[in-house]
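353 is the number that this note's numbering gives to position 148 of the sequence shown; each next residue is one higher, with no gaps. In this text, a Cβ means the ideal position worked out from N, Cα and C, and glycines have one as well. Heads up, the thing below is written out as structure tokens.
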Amino acid sequence: MLCFQATARIALLAALSAALCGVCLTASAQSGGALPQITVTAKANPDPVEKSYRRMIRGMDYFEAHRALAPAAALRFRLYPRARGTDMAGISLDVVGTTADFPVELAADNTFTLARNQKALDENAQVIPDRKARSMTWRADIRTPGLPPGSRRLGDLRLECQVGMEAGLVSDTDSFLGRLASAVMDTPAYCSRKNPRYLFFADRPLFSVTLVHGARREVLPVDKLYAGASDDPALKNELPYCDCEALVDRTYFVPLEDGSWPDDTRVEFEYMEGAP
């Protein structure tokens, strides 16, 4: 049975990769071939993948008010690639308003914190990286220290979802957003609805995800992996609208709303062998 599941999931990942490659080939054909490389600074970028400074500060305030979900953790924000081939090295990130203008330091893993600045709040400043729209996406990053490698804590993930909604970080668009969301997609309340489809990213391509609390263990079904699109014939067409396009093989959903799984539940990952 395990061999069959492994074969099925490897085949699924191959199909996902083929869909992604199809998207890339289509885009290349439409553009007429390779384009010359251009260096773009955050301030000169005419089409940035920006976020609202005010909303991100609201997310920080929300974290402080609800940190009982993750009492030992700190809040950081994180940038992820959305489009395949996005260069995630050497990103320049700035907060830019009418007159407010200051850089944001990125760690090696592309996580960061925001300084509070009243002028930037008053001017409704934007947090702007030097990358194009739809090239990257954003998430809250809340991690309790001391967890075993290859695991997360469910309370941390619950708060990540709520902070992400309050801060306006999810970058799904058009048809994929319509399929995954509802009228409350942009509020923390979404995370407590039945079967919330807030995408989390693992560090590597996933084979399985298991919830563990005491003697209770539950392997999540495959439709909780790979953006829930394992058997979706429209995957190739949907991926450009999902902020998971580059990392779909690392995505998973967890039962955020299920109170029978307490906040100290461990979320354990089994990764695909040989996957980077």
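Can you look up R287 in the DSSP assignment and give me helix, strand or coil? Taking the first residue of the sequence shown as position 1, residue 287 is located at position 82. Looking at R287 - three-state DSSP - the assignment turns out to be coil, as it is neither helix nor strand.
Give the single residue among M477, Y446 and A279 whose Cα lies nearest to the Cα of G351. On the sequence shown, residue 351 is found 146 positions in, with the first residue counted as 1. If we check each option's Cα against that of G351, A279 comes out closest.
Within 10 angstroms of the Cβ of G295, are there 16 or more other Cβ atoms? Answer buried if so, exposed if not. Working through the sequence shown from its first residue, we reach residue 295 at position 90. The residue is exposed, with fewer than 16 neighbouring Cβ atoms inside 10 Å.
Pairwise C-alpha distance: D314 and N322: For the purposes of this step, residue 322 is taken as the residue at position 117 of the sequence shown. For the purposes of this step, residue 314 is taken as the residue at position 109 of the sequence shown. The straight-line gap from Cα to Cα measures roughly 24 angstroms.
Alpha carbon to alpha carbon, how far is C396 from A277? Here residue 396 corresponds to residue number 191 of the sequence shown, with the count starting at 1. Here residue 277 corresponds to residue number 72 of the sequence shown, with the count starting at 1. As the crow flies, the alpha-carbon of C396 is around 21 angstroms from that of A277.
Let me confirm a value: S356 is counted as buried when at least 16 other C-beta atoms fall within 10 Å, else exposed. Which label applies? Position 151 of the sequence shown holds residue 356. By the 10 Å Cβ count, S356 comes out exposed.
Taking contact to mean at least 3 C-beta pairs separated by less than 8 angstroms, is the segment 330 to 340 in contact with the segment 357 to 368? no
Ends of the alpha helix (DSSP H) at I262? For the purposes of this step, residue 262 is taken as the residue at position 57 of the sequence shown. Y258 to A270 is the span of the alpha helix (DSSP H), which, as asked, contains I262.
What are the start and end residues of the beta strand (DSSP E) that includes A420? If you number the sequence shown from 1, residue 420 lands on position 215. From DSSP, A420 is part of no beta strand (DSSP E); its letter is neither H nor E.
One or two residues paired with E310 in a DSSP bridge: For this step, residue 310 is matched to residue 105 along the sequence shown. Secondary-structure assignment with DSSP links E310 through no beta bridge to anything.
Proximity to L298 [Cα-Cα], best of T392, D346, A320 and R289: Working through the sequence shown from its first residue, we reach residue 298 at position 93. By alpha-carbon distance to L298, the top candidate from T392, D346, A320 and R289 is A320.
Straight-line CA distance for D454 to S413? Along the sequence shown, read from residue 1 onward, the residue named residue 454 stands at position 249. Along the sequence shown, read from residue 1 onward, the residue named residue 413 stands at position 208. Their Cα atoms are separated by approximately 11 angstroms.
Of the listed residues R409, E255, T291 and C449, nearest to V301 (C-alpha basis): As a position in the sequence shown, residue 301 is number 96, starting the count at 1. Out of R409, E255, T291 and C449, the CA that lies nearest to the CA of V301 is found in E255.
Taking Cβ positions, are A451 and R289 nearer each other than 8 angstroms? Position 246 of the sequence shown, counted from the start, is the residue given in the question as residue 451. Position 84 of the sequence shown, counted from the start, is the residue given in the question as residue 289. Yes.
Ignoring anything shorter than 3 residues or poking outside the segment 296 to 361, list the beta strand (DSSP E) runs there in chain order. 298 to 301, 306 to 309, 331 to 334, 341 to 348 and 356 to 358
How would you write the range of the beta strand (DSSP E) that Y476 sits in, first residue to last? The residue labelled residue 476 in the question sits at position 271 within the sequence shown. Looking at the DSSP string, the run of the beta strand (DSSP E) that includes Y476 is R471 to Y476.
Return the CA-CA distance between D391 and Y403, expressed in angstroms with no decimal places. Locating residue 391 in the sequence shown gives position 186, counting from the first residue. Locating residue 403 in the sequence shown gives position 198, counting from the first residue. Going from the Cα of D391 to the Cα of Y403 covers about 11 angstroms.
Take the Cβ of F282 as the centre, count every other Cβ of all protein chains shown within 10 Å, and call the residue buried at 16 or more, exposed below. Locating residue 282 in the sequence shown gives position 77, where the first residue counts as 1. F282 comes out buried.
Which whole-angstrom value is the C-beta distance of F405 and Y457, which I expect to be below 8 angstroms? Taking the first residue of the sequence shown as 1, we reach residue 405 at position 200. Taking the first residue of the sequence shown as 1, we reach residue 457 at position 252. At roughly 6 angstroms, the Cβ-Cβ gap stays under 8 angstroms, so F405 and Y457 are in contact.
Please find out if some non-hydrogen atom of the ligand ZN comes closer than 7 angstroms to the beta-carbon of T316. The model depicted lacks the ligand ZN and carries no ligand whatsoever.
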